[in-house]
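A.B. asks: Last residue of the sequence shown: 458 in UniProt numbering, with the numbers rising by one and none dropped.
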Amino acid sequence: MGFDAIWISPIVKNIEGDTAKGEAYHGYWTEDINSLNDHFGSADDLKSLVTALHDRKMYLMLDVVVNHFVANPSSDSTSLPQSFDYSALKPFSDASDYHSECFISNYDNQTEVEGCWLGDTELPLLDVNTENTEIVSAFNDWVAKVVSDYDIDAIRIDTVKHVRKDFWPDFVKASGVFSIGEVLQGDPQYVKDYTEVMDNVLDYPSWYPLIRAFTNTSGSLSELASTYTTTQSAFKNGLFTAGSFLENHDQARFQSHTTDSGLVANAVAWPFVNDGIPILYYGQEQGYQGGEDPENREALWFSGYEQDKPLYMQVKALNAARKLAISKNSDFTSTASKFIDQPSDNVLALSKPPLLTLLTNAGSSGSAEWTIPSSAGLFTGGETVVDLMTCKTFTVDSSGELKASANNGQPRVIIPTSQLDGSGCQTPDSASVDGAFGVRTSVGVMMSAVVGLTFLVL
């Protein structure tokens, strides 16, 4: 599909056997950070994966968890504090290595968010005492060793807002690679503070209105545009290295909300055409429709890895369009995208030269029309532009104004035909994905696309 990187689950040893919430198949219930999860494979297997990726000029992003470990309560009591056998937890094997047991009841109380526990009395997530300097040093040494031992290119950090902010700069520095954090919150003003302590974060502020915008034909596209614009300004380094996504392992699949092909196609396009690093959660390209966790963590091999499904071909074409744009504009990944005002509430126009993306929530039974005025300064009179999703061409009028339309509520990703270098347009089923890869920089890896092969259900 043309991705430059793979993001995989945490690789550390997890709690074994049955729990009140099932088995720890996913990697996020740590028992021992100094041992590998042998259900995923051996140290040699991981090294082989990294070598195979690097041979293909691709990168590996590793998920890491600092906030919590997991142990079954040693009794069925629901009264707090509960009892635990801490001896299996490595290297933090004492009750004093964890915050006192309390569960978060008020997410507006940052003291609770950072000091109390996730989970519940059936399966508590034991909150690590990250104020302890010995624990801080142990974590910093651990992440440095993991990155070095396995030649990891980037880290995705879980549950970032549940650890004090001043913990993160030294941890990120110790890793020595690009870092992106999960701050599960929709307020750009809340999330922005975490962009001061790591390279960037997942763009949750834009994700919430993205889901609302395309779940049905009455969603607010203006809310998506206004929130996105606010977030662009709020984050320390803008959204250029933020993670842009539609689905992930913590949220219900988008197609559990709607299976309308027009709405789905527009929502899928969004992460590939804005400023952020595009992230695709495995199975999204296969049309998976699972609801809340664990239904959203289906095994990929049941799909048969089919490569002729509409979403697979759309993603391939979107990656090719992005690579083409990068090759034509050396400033593409550092130029902020801008919305062009439209007369209709059910359309969006997003300019990130040389691409112009036209989105709509009209749905598969609807049609959409866009007007790009000459004042936008994107085109010259009489030039021809092409939709890279369908190869349909449009002609700009003599004044420099472009009028475009779409049937069946499909998105359009437009570029001047002059940018095709005579190679012509390729439809999604044959789109080339050769072209620019992410480049190594002083802070680690800046990835032009990240595919989320996050969960291996064994």
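Every residue gets a Cβ at the ideal spot worked out from N, C-alpha and C, and that includes glycine.
(1) Run the CB neighbour count on LYS13, radius 10 Å, all protein chains shown included, and call it buried at 16 or more, exposed below.
(2) Given a threshold of 16 other Cβ atoms within 10 Å of its Cβ, counted over all protein chains shown, does THR380 qualify as buried or as exposed?
(3) Taking the beta strand (DSSP E) that VAL64 falls in, what are its first and last residues?
(4) Would you please verify whether the beta carbon of HIS249 is less than 8 angstroms from any beta carbon of chain B?
(5) Of all the options PRO271, GLY17 and GLN189, which has the alpha carbon lying nearest to the alpha carbon of LYS236?
(6) Work out the CA separation of GLU23 and SER35 for me, nearest whole Å.
(7) Leaving aside the five residues before and after ASN266 along the sequence, list all residues of the same chain whose C-beta is less than 8 angstroms from its C-beta, in chain order.
(8) Could you give the distance in angstroms between the alpha-carbon of ILE11 and the alpha-carbon of SER48?
(9) Given a cut-off of 8 angstroms on the beta-carbon distance, is the pair ILE414 and ASP397 in contact?
(10) Residue ranges of each alpha helix (DSSP H) run of no fewer than 4 residues wholly in the segment 138 to 165, ordered along the chain?
(11) From the DSSP output, which residues share a beta bridge with PHE171?
(12) Three-state secondary structure (DSSP) at HIS54?
(13) Starting from LYS236 and walking both ways along the beta strand (DSSP E), at which residues does that stretch end?
(14) Return the CA-CA distance between THR241 and GLY276, expressed in angstroms with no decimal places.
(15) Measure the alpha-carbon distance for ALA144 versus ASP153 and round it to whole angstroms.
(16) Starting from ILE15 and walking both ways along the beta strand (DSSP E), at which residues does that stretch end?
(17) Quick check on DSSP: helix, strand or coil for PHE103?
(18) Taking only three categories from DSSP, how would you classify ARG253?
(19) Whole angstroms are fine: how far does the CA of ILE33 sit from the CA of SER74?
(20) Which residue's Cα is closest to the Cα of ILE6: ALA299, SER226, ASP38 and ARG156?
(21) Going by C-alpha distance, which of LEU311, TYR312 and ASP421 is nearest SER327?
(22) Where does ASP44 fall in DSSP's three states?
(23) Since I believe SER261 is in contact with GLN286 (beta carbons under 8 angstroms), could you give me their beta-carbon distance rounded to a whole number of angstroms?
(24) Is the segment 60 to 74 touching the segment 101 to 109 in the sense that three or more CB pairs, one from each, lie closer than 8 angstroms?
(25) How would you write the range of the beta strand (DSSP E) that ARG412 sits in, first residue to last?
(26) Helix or strand or just coil, what does DSSP make of ALA5?
(27) Using the C-alpha atoms, what's the distance from PHE3 back to TYR288?
(28) Drop a sphere of 10 angstroms on the beta-carbon of ILE15, count the other beta-carbons inside from all chains shown, and report buried for 16 or more, exposed for fewer.
(29) Alpha carbon to alpha carbon, how far is VAL183 from PRO205? Give it in angstroms, no decimals.
(30) Which residue or residues does DSSP assign as beta-bridge partners of SER179?
(31) Around the Cβ of ASN216, are there at least 16 other Cβ atoms within 10 angstroms (buried) or fewer (exposed)?
(32) Closest to TRP117 by C-alpha separation, out of ASN67, ASN132 and TYR86, would be which residue?
(33) Looking only at C-alpha atoms, which of ASP158, GLU383 and GLN419 sits nearest to PHE69?
(34) Short of 8 angstroms in beta carbon distance, which residues of its chain neighbour GLY291, apart from the five on each side in sequence? Order them along the chain.
(35) Can you name the start and end residues of the alpha helix (DSSP H) that TRP117 belongs to?
(36) Give the DSSP-derived three-state secondary structure of GLY262 in the structure shown.
C.D. replies: Walking through what the data contain:
(1) buried
(2) exposed
(3) 59 to 64
(4) Absent here is chain B; the protein component of the structure consists of one chain.
(5) GLN189
(6) 18 angstroms
(7) PHE214, LEU359, THR360, ASN361, GLY409, GLN410 and PRO411
(8) 14 angstroms
(9) no
(10) none
(11) BP columns for PHE171 are empty, so no partner.
(12) helix
(13) LYS236 -> no beta strand (DSSP E), and no H or E assigned at all.
(14) 6 angstroms
(15) 12 angstroms
(16) No beta strand (DSSP E) contains ILE15, which DSSP labels as neither H nor E.
(17) strand
(18) coil
(19) 22 angstroms
(20) ARG156
(21) ASP421
(22) helix
(23) About 15 angstroms; that fails the 8 angstroms criterion.
(24) no
(25) 412 to 416
(26) strand
(27) 19 angstroms
(28) buried
(29) 9 angstroms
(30) ILE155
(31) exposed
(32) ASN67
(33) ASP158
(34) ALA252, ARG253 and SER256
(35) Run containing TRP117: none; DSSP gives neither H nor E here.
(36) helix
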